[in-house]
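For reference, the structure discussed in these notes is given below.
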Amino acid sequence: MPCYSRAFSYLSNMRPVSDLTCKIFAFSAIPEFPADVLVDWAYEMVQLGYDTPDLLMLAATSKPANYFEVLEYAKAAMAELQLPQKTGGDAIISFYSFYIKKIAAGENIKQNLFALCDALPHQLLIDYAEDFRLLCFAWEDLDCGRIPQYYWEGADSYNIRMIVQQQAVEWMANNKEAYKIDF
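If you count by this note's numbering, then the sequence shown holds residues -3 to 179, one letter each, in order.
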């Protein structure tokens, strides 16, 4: 399900944007941002009907993409679409929200939890989403038969999925201002 935005100056109200937009807000704040995500985002935006010169160039880039080759196109495409640039903690939270929204919706909970934990350096996860790091460790222990696990009190193989989803819903409510797409 795509995110929705307010009107761009030249586009209609409530036009859908790619789910990857949450990640894209963070590309300038995260060292070694995966360049292929920039290309995938541009491709999805073109499929949704957006048509700007730099967005088209970015969407047409072959993968695997080189970060430094696509960086200027990504910056220009964001400017063309009047997307705000996020920095610091807001950028990191926006990036994490891509996975956490999916977890909260019950979509591939385990897969998205592990992707979240592997997406960025652990220090960023500790700073902005520590509970998910601990839940990931707990789930790994449970998968390996280490019972009891000591990362999340009360979590076992029967309720770990529900606990992770509940934490995602709470995280989304607590970080709404940082991850929302509102321009």
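Ideal Cβ positions, reconstructed from N, Cα and C, are used throughout, including at glycine.
All of these numbers come straight from a predicted model, not from anything done at the bench.
With a beta-carbon spacing of about 7 Å, residue 51 and residue 77 fall inside the 8 Å limit used to define contacts.
In this structure residue 13 is not in contact with residue 53, their Cβ atoms being roughly 19 Å apart against a cut-off of 8 Å. Counting every other CB atom within 10 Å of its CB across the protein chains shown gives residue 17 a total of 16 or more, marking it as buried.
Assignment of residue 12 by DSSP, reduced to helix, strand and coil, places it in the strand class. Shown here for residue 110: same chain residues with a beta carbon closer than 7 Å to its own, the five before and five after excluded, namely 132 in chain order. For residue 161, the uninterrupted alpha helix (DSSP H) run begins and ends at 156 to 170, by DSSP. The Cβ neighbour count for residue 146, taken over all protein chains shown within 10 Å, is under 16; the residue is labelled exposed.
Only buried fits residue 88, as 16 or more other CB atoms lie within 10 angstroms of its CB. Here the alpha carbons of residue 60 and residue 96 stand approximately 26 Å from one another. The DSSP-derived three-state label of residue 134 is helix. Taking C-alpha positions only, residue 58 is separated from residue 148 by approximately 42 Å.
In the same chain as residue 72, and ignoring 5 residues on each side of it, the C-beta atoms closer than 7 Å to its own belong to 50, in chain order. With respect to the 8 Å criterion, residue 135 and residue 106 are classified as neighbours on the basis of their beta carbons. Residue 112 and residue 128 do touch by the CB rule: their CB atoms are close to 6 Å apart, below 8 Å. Around the C-beta of residue 20, 16 or more other C-beta atoms lie within 10 Å, and the residue is accordingly described as buried. Each of 66, 164 and 130 was checked against the Cα of residue 151, and the nearest Cα belongs to 130. Going by DSSP, residue 84 is part of the alpha helix (DSSP H) stretching over 84 to 100. Here the alpha carbons of residue 158 and residue 100 stand approximately 10 Å from one another.
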